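Residue numbers (the working numbering): 5 to 410. The C-beta atom is built at its ideal place from N, Cα and C for all residues, glycine as well. Fair warning: this is a prediction, and the values are worked out from it, not measured in the lab.
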Amino acid sequence: MAEPPLSTPAPYRALRAIRRGAHRVDAATPASRDRAVDALRAAAILGVVLGHWLVTALVAADGGLHTASPLQRMPRLAPVSWLLQTLAVFFLVGGYAATRSLNTARARGESYGGWLRARLTRLLRPVAALLGLWTVAGTVLLLTGTPLATLHTLLKLALSPLWFLLVLAALTAVTPLVARLNPLWPLAVVLHVDLLRFGLHLGPSWLGWINLAAGWLVPYTLGAAWARGELHTRRSAWALLLGGTAATAVLVGCAGYPASMVGVPGSAVSNLNPPTLAAVTFGLAQCGLALLLRDRLRRAMSRPWAWAAVVLVNLSAMTVFLWHQTALMAATATGLLAGRLPGLHTPPDSPAWVAYRLAWLPVFALALTVCRAAFRHHEQGPRRPRHRPSRVVHRHLPPKKTPHHA
């Protein structure tokens, strides 16, 4: 592709450069890579980020900040959580990727310890930066007289993504044990825990937290089954979608489960904290839909622009996930310099607040872009030399055949 002349307007030159970069990424991707998996991972991460930005409000009142949710005052917005609570899809992809990666490592003769260390390093390395920054920020806020209630609100919000990484890390560690586990077993555990909690009102208060592992193990083992080729038919995907949808409708409509698939302040029961049977059956429906969309996603990812965007998100997936709440708080705190702004510091109690919040989303995205630029190297590792081949592309090349494995 010829270089545009210097007289060409700068926006056009930038567009040409972006297009060339997208084509280079597309050409460097091995043909054996399933691009639908990366597309689903990117969609799941962005869904969670957008969902949190829409349903988490930091209200300025009484000299401090406290969290609120528009779902508390406007329950008719619950369908928003159906679209943007995409954690089950992420665990589905996580189970698929970990199972495939483990099988490849075994074929190469790598040890389980080496495989696990490599997987967890990329997953957990960005956590140190988040903890370090908020340790310093929390200390400064405390010393400058920030109310303890406000400090608690900020720290809880900033560190809330860590629970997800801890669960994913634990499931990754037990992949050799659960890779062939039938998803019906953890689903049965969730069913019995909820029966004891909500049906019979028996058991200790911590009983529900068993579902934190069992609930997310369901989509994770579905991902492992996908990696084994057991969910390759559209019939199985339709069964998950229709069965999960019907079960969720019955649980919400007849069994008293909340309609919102995210937590709502003041609600007696949260579908996520810890996961309930309704959240798990909803996740089954999401997994079925994701599996149905595989072929369409593969076709869409054949376009260099679309594929380059997905690669960009996946290269910093954990950084984006960990820092999106911090970006929200940074934008909110900066906005306080101009007073209480609608959709940013005001109570989320009207459709007008929703409209204002939608207008603030680009500001949150800009703040997240700054966070990504500052902290992405913690996830991606040190910058490689200019002429050294990309480890990202090399890592996903198919293993070389040896006489032993030919």
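Helix, strand or coil: which one does DSSP assign to Leu206?
-> Here Leu206 sits in coil by DSSP.
Length of the line joining the Cα atoms of Trp357 and Leu146 = Approximately 31 angstroms, taken between the alpha carbons.
Assigned secondary structure, Arg13 (DSSP; H/G/I helix, E/B strand, else coil) | Residue identity check: residue 13 is Pro in the sequence provided, not Arg. In the displayed model, Pro13 falls within coil according to three-state DSSP, outside both helix and strand.
So does the region 234–249 actually touch the region 166–174, counting three or more Cβ pairs closer than 8 angstroms?
-> In the pairwise beta carbon analysis, the region 234–249 is classified as not touching the region 166–174: fewer than three pairs are separated by under 8 angstroms.
Going along the chain, which residues of its own chain have a beta-carbon closer than 6 angstroms to the beta-carbon of His398, five neighbours each way excluded?
-> Only weak support exists for where His398 lies, its pLDDT of 46 falling under 50; the value from the coordinates is given anyway. Apart from the 5 residues on each side of it in sequence, His398 has no Cβ closer than 6 angstroms to any other Cβ in its chain.
Rounded distance between the beta-carbons of Arg239 and Leu296, thought under 8 angstroms = Leu296 to Arg239, Cβ: 10 angstroms. No contact.
Going by beta carbon distance, what residues of the same chain come within less than 7 angstroms of Ala109, once the five residues before and after it are set aside?
-> These residues qualify, in order along the chain: Trp119.
Which of helix, strand or coil does DSSP assign to Leu235?
-> Leu235: coil per DSSP, three-state reduction.
Tell me which same chain residues have a C-beta within less than 7 angstroms of the C-beta of Val193, skipping the five on either side of it?
-> Around Val193: Ile214, Ala218.
Okay, do the region 314–323 and the region 112–132 touch, 3+ Cβ pairs below 8 angstroms being the bar?
-> Three or more Cβ pairs drawn from the region 314–323 and the region 112–132 lie within less than 8 angstroms of each other, which places the two stretches in contact.
On the DSSP bridge assignment, give the partners of Pro279 in chain order.
-> The partner list for Pro279 (beta bridge, DSSP) reads Leu276.
Which one or two residues does DSSP pair with Ala61 in a beta bridge?
-> Per DSSP, Ala72.
Gln290, DSSP secondary structure in three states | Reduced to three states, the DSSP call for Gln290 is helix.
Where Phe168 and Gly98 are concerned, what is the direct C-alpha to C-alpha distance, given to the nearest angstrom?
-> It is roughly 12 angstroms from the alpha-carbon of Phe168 to the alpha-carbon of Gly98.
Please state if the CB of Ala82 and the CB of Ser264 are separated by a distance shorter than 8 angstroms.
-> Closer than 8 angstroms, so yes.
Member of Ala65, His328, Val29 whose CA lies at the smallest distance from the CA of Leu365 | Comparing Cα-Cα distances from Leu365 to each of Ala65, His328, Val29, the minimum goes to His328.
Under the assumption that Gly68 contacts Ala153 (Cβ atoms under 8 angstroms), give the Cβ distance between them as a whole number of angstroms.
-> Confirmed, Cβ separation roughly 6 angstroms.
Rounded C-alpha distance that separates Val182 from His196 = Straight through space, the alpha carbons of His196 and Val182 are spaced by roughly 20 angstroms.
Segment limits, alpha helix (DSSP H) that includes Asp198 = Following the DSSP letters along the chain, one finds Asp198 inside the alpha helix (DSSP H) bounded by residues 188–198.
Look at the alpha carbon of Leu75 and the alpha carbon of Val59, and state the distance between them as a whole number of angstroms.
-> If you take the alpha carbons of Leu75 and Val59, they lie about 7 angstroms apart.
What three-state label does DSSP hand Gln89 in the structure shown?
-> DSSP places Gln89 in coil when its eight states are reduced to three.
Using 8 angstroms as the Cβ pair cut-off and three pairs as the minimum, do the region 302–314 and the region 14–34 touch?
-> The region 302–314, when compared against the region 14–34, does touch it at the 8 angstroms Cβ threshold.
Same chain only: Cβ atoms within 8 angstroms of Gly139, ignoring 5 sequence neighbours per side | Per the sequence presented here, residue 139 reads as Thr, with Gly not at that position. The beta carbon of Thr139 is closer than 8 angstroms to none in its chain, skipping five residues each way along the sequence.
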